[in-house]
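K.L.:
At position 258 of the sequence shown (counting the first as 1) the number is 388 in this note's numbering, and the numbers step up by one without a gap. Pasting a structure below so you can have a look.
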Amino acid sequence: MKKMAGGVTAPKGFEAAGVEAGIKYKDRKDMAMIYSQKPCVLAGSFTSNVVKAAPVLWDRKIVEESPFGQAVIVNAGIANAGTGQEGYAYCQRTASQAAEALGIPEDGVLVASTGVIGMQLPIEKIEAGVLKLAQAKEASLEAGNQAARAIMTTDTRPKQAAAEIQVGDVTVTLGGMCKGSGMIHPNMCTMLAFVTTDAVISKELLAKAVKEDVVDTFNMVSVDGDTSTNDTLLVMANGMAENEEIKEGTPEYEAFREALHYINESLAKMMAGDGEGATALFEAKVVGAATKEEARKLSKSMVSSSLCKAAIYGHDANWGRFLCALGYSGVKFDPEKTELFFESSQGKIQVYKDGMTAPYSEEEATRILSDTEVTVLADMKMGKETATAWGCDLTYEYVKINADYRS
131 MKKMAGGVTA PKGFEAAGVE AGIKYKDRKD MAMIYSQKPC VLAGSFTSNV
181 VKAAPVLWDR KIVEESPFGQ AVIVNAGIAN AGTGQEGYAY CQRTASQAAE
231 ALGIPEDGVL VASTGVIGMQ LPIEKIEAGV LKLAQAKEAS LEAGNQAARA
281 IMTTDTRPKQ AAAEIQVGDV TVTLGGMCKG SGMIHPNMCT MLAFVTTDAV
331 ISKELLAKAV KEDVVDTFNM VSVDGDTSTN DTLLVMANGM AENEEIKEGT
381 PEYEAFREAL HYINESLAKM MAGDGEGATA LFEAKVVGAA TKEEARKLSK
431 SMVSSSLCKA AIYGHDANWG RFLCALGYSG VKFDPEKTEL FFESSQGKIQ
481 VYKDGMTAPY SEEEATRILS DTEVTVLADM KMGKETATAW GCDLTYEYVK
531 INADYRS
């Protein structure tokens, strides 16, 4: 696998655009399009929240029932959640407008929204935005970058990743973009994520690869403990690389899975590190767990803890908070055997061993925790399974942003 620059337009045949539609923001791009020159097989993963936004219901139906998809229309500023039948009808109107502008079937158009819950979309602005997007779309990397910028809400930077692999003597490319900064918690988080690939792969195998990977990437992110109504991951494969079809159980499939994991993990970490008000990426890594599921539960428990996140913000080596979070995770373990470490580019230090504090320097621990990327490592001494979760520190700025989010 080779990492490369770009996002959703990196694979062959994909175009994108970002435009200003004036939906909620008055000074920035707020609508994006992803378009494939050929129909794509689709896979997706959606919010586990019982309350699902209209676009989630629309997209889930398209992914499950349509043989192909060819375009995605995304708006930022208004979530189209809690909007009843009118909101769902607006998804259909958006898809209809895009289908007419692009010359593709209506059931080949997916839609996504992010922003404030409970407000109806200004559908006339959405429809006008679709026309602008159709005229502006390009296959350039910059067009992909503009699309990534257009889906941001409280994000401070666009989030993209791309990679390529060899399938026989053919180069296959994957690219992705996402947004997400707040209302982020497993499973799936306030995130919209879109992955494109020019690989030839069946719908069934693509769905399998996505389902198996999301549990260790996007579902391992927590910024604030709130699972959104709009979480959506869409993966599109248009086959324009013209490789021999990727089959399960082959080295080519393993290479594809590796590249998909790289894209998903990269985007997940970007979201965690760009959490609302964040000053540091907080990584919680568990090793030596008895089972994979227990490793996931333990790592997510630490990264989801407000007290642990506050300790990261304060550069405070208060290891008791992390041990406590492990203890209420629902996993049985022996605290007398567990070991805890803090790690960053500034070094690594053990802070807990044999059921009590380990001898360590508070000054060194503070220096390690003052980095912009910090890892808390828990060795459970129970087996060989590992898992990693990602979040961010909890800051005063997070409260400020969310206290007046609607304004």
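We treat Cβ as the ideally placed atom computed from N, Cα and C, and that holds for glycine. These figures come from a predicted structure and were not determined experimentally.
So Ala-206 and Thr-284 are supposed to be a Cβ contact under 8 Å. How far apart are they, rounded?
P.N.:
Along the sequence shown, read from residue 1 onward, the residue named residue 206 stands at position 76. Along the sequence shown, read from residue 1 onward, the residue named residue 284 stands at position 154. In fact, because the Cβ distance is near 10 Å, the residues do not count as touching under 8 Å.
K.L.:
Quick one: is Val-180 buried, meaning 16 or more other Cβ sit within 10 Å of its Cβ, or exposed?
P.N.:
Against the sequence shown, residue 180 aligns to sequence position 50. Exposed, since its Cβ has fewer than 16 Cβ neighbours within 10 Å.
K.L.:
Tell me the DSSP secondary structure of Phe-144 in three-state form.
P.N.:
One-based indexing of the sequence shown puts residue 144 at position 14. Phe-144 falls in the strand class under three-state DSSP.
K.L.:
Quick check on Asp-354: does DSSP put it in helix, strand or coil?
P.N.:
Position 224 of the sequence shown, counted from the start, is the residue given in the question as residue 354. Any reading at Asp-354 must be qualified, since the residue scores a pLDDT of 46, below 50, and its modelled position is unreliable; the value itself is stated next. Here DSSP, grouped into helix, strand and coil, assigns Asp-354 to coil.
K.L.:
Name the two residues that bound the continuous beta strand (DSSP E) containing Tyr-443.
P.N.:
As a working note, residue 443 is residue 313 in the sequence shown. That residue, Tyr-443, is in no beta strand (DSSP E); its alpha helix (DSSP H) goes 436-443.
K.L.:
Drop a sphere of 10 angstroms on the beta-carbon of Gly-298, count the other beta-carbons inside from all chains shown, and report buried for 16 or more, exposed for fewer.
P.N.:
For this step, residue 298 is matched to residue 168 along the sequence shown. The residue in question, Gly-298, is exposed, as its Cβ has fewer than 16 Cβ neighbours within 10 Å.
K.L.:
Under 7 Å, do Gly-475 and Lys-427 count as touching if we go by C-beta distance?
P.N.:
Residue 475 sits at position 345 when you count from the first residue of the sequence shown. Residue 427 sits at position 297 when you count from the first residue of the sequence shown. Strictly speaking, residue 475 in this sequence is Ser, with Gly absent from that position. The Cβ atoms of Ser-475 and Lys-427 lie no closer than 7 Å to each other.
K.L.:
Taking the continuous alpha helix (DSSP H) assigned at Met-400, which residues delimit it?
P.N.:
Here residue 400 corresponds to residue number 270 of the sequence shown, with the count starting at 1. Where Met-400 is concerned, the enclosing alpha helix (DSSP H) stretches over 381-403.
K.L.:
Taking the Cβ atom as the reference point for each residue, do Asp-343 and Leu-390 lie within a distance shorter than 7 Å?
P.N.:
Against the sequence shown, residue 343 aligns to sequence position 213. Against the sequence shown, residue 390 aligns to sequence position 260. Closer than 7 Å, so yes.
K.L.:
Gly-217 to Lys-483, Cα distance in whole Å?
P.N.:
For the purposes of this step, residue 217 is taken as the residue at position 87 of the sequence shown. For the purposes of this step, residue 483 is taken as the residue at position 353 of the sequence shown. Their Cα atoms are separated by approximately 55 Å.
K.L.:
Can you tell which of Val-171, Gln-480, Ala-151, Met-512 has its C-alpha closest to the C-alpha of Asp-328?
P.N.:
On the sequence shown, residue 328 is found 198 positions in, with the first residue counted as 1. For the residues Val-171, Gln-480, Ala-151, Met-512, the minimum Cα distance to Asp-328 belongs to Val-171.
K.L.:
Looking only at its own chain, which residues have a Cβ that is under 6 Å from the Cβ of Tyr-165, when we skip the five neighbours before and after it?
P.N.:
Taking the sequence shown and counting its residues from 1, the one referred to as residue 165 is at position 35. The residues are Glu-145, Ala-201, Lys-267.
K.L.:
Please report the distance separating the alpha-carbon of Ser-196 from that of Lys-168.
P.N.:
For this step, residue 196 is matched to residue 66 along the sequence shown. For this step, residue 168 is matched to residue 38 along the sequence shown. Whole-angstrom Cα-Cα distance: 15 Å.
K.L.:
Can you look up Thr-224 in the DSSP assignment and give me helix, strand or coil?
P.N.:
Working through the sequence shown from its first residue, we reach residue 224 at position 94. Reduced to three states, the DSSP call for Thr-224 is helix.
K.L.:
Where does the unbroken beta strand (DSSP E) through Val-202 begin, and where does it stop?
P.N.:
As a first step, residue 202 must be located in the sequence shown, where it is residue number 72. Per DSSP, Val-202 belongs to the beta strand (DSSP E) from 199-208.
K.L.:
Could you check which residue in Thr-301, Lys-399, Tyr-490, Pro-185 has the C-alpha nearest to that of Gly-369?
P.N.:
For the purposes of this step, residue 369 is taken as the residue at position 239 of the sequence shown. For Gly-369, the closest C-alpha among the options Thr-301, Lys-399, Tyr-490, Pro-185 is that of Thr-301.
K.L.:
Do Met-400 and Ala-519 have their C-beta atoms closer together than 7 Å?
P.N.:
Residue mapping note: residue 400 aligns to position 270 of the sequence shown, counting from 1. Residue mapping note: residue 519 aligns to position 389 of the sequence shown, counting from 1. Contact: no.
K.L.:
Quick check on Leu-232: does DSSP put it in helix, strand or coil?
P.N.:
What you label residue 232 is simply residue 102 of the sequence shown in a count that begins at 1. Helix.
K.L.:
When we look at the beta-carbon of Ile-393 and count the other beta-carbons within 10 Å, is it buried (16 or more) or exposed?
P.N.:
For this step, residue 393 is matched to residue 263 along the sequence shown. Its Cβ being crowded by 16 or more others within 10 Å, Ile-393 is buried.
K.L.:
Helix, strand or coil: which one does DSSP assign to Gly-305?
P.N.:
In the sequence shown, residue 305 corresponds to position 175, counting from 1. Strand.
K.L.:
For Trp-449, which residues from the same chain have a beta carbon less than 6 Å from its beta carbon, with the 5 sequence-adjacent residues on both sides left out?
P.N.:
For the purposes of this step, residue 449 is identified with residue 319 of the sequence shown, where counting begins at 1. Leu-470, Val-481, Tyr-482.
K.L.:
If you count every other CB in all the chains shown that lies within 10 Å of the CB of Leu-271, and 16 or more means buried, which is it?
P.N.:
Looking up residue 271 in the sequence shown gives position 141. With 16 or more Cβ atoms within 10 Å of its Cβ, Leu-271 is classed as buried.
K.L.:
Assign Pro-489 to one of two classes, buried (16 or more other C-beta atoms within 10 Å of its C-beta) or exposed (fewer than that).
P.N.:
Sequence index remark: in the sequence shown, residue 489 carries index 359 (1-based). Pro-489 comes out exposed.
K.L.:
Relative to the alpha-carbon of Gly-477, which residue among Gly-485, Thr-496, Cys-221 has its alpha-carbon at the smallest distance?
P.N.:
The sequence position of residue 477 within the sequence shown is 347, counting from 1. It is Thr-496.
K.L.:
Quick one, are the C-beta atoms of Gln-209 and Gly-245 less than 7 Å apart?
P.N.:
As a first step, residue 209 must be located in the sequence shown, where it is residue number 79. As a first step, residue 245 must be located in the sequence shown, where it is residue number 115. The residue you asked about is not Gln; residue 209 is Ala in the sequence shown. Closer than 7 Å, so yes.
K.L.:
Where does Asp-509 fall in DSSP's three states?
P.N.:
Residue mapping note: residue 509 aligns to position 379 of the sequence shown, counting from 1. Reduced to three states, the DSSP call for Asp-509 is strand.
K.L.:
Quick check: the Cα distance between Leu-261 and Leu-456, rounded to an integer number of angstroms?
P.N.:
The residue labelled residue 261 in the question sits at position 131 within the sequence shown. The residue labelled residue 456 in the question sits at position 326 within the sequence shown. Each residue's Cα considered, the two are about 51 Å apart.
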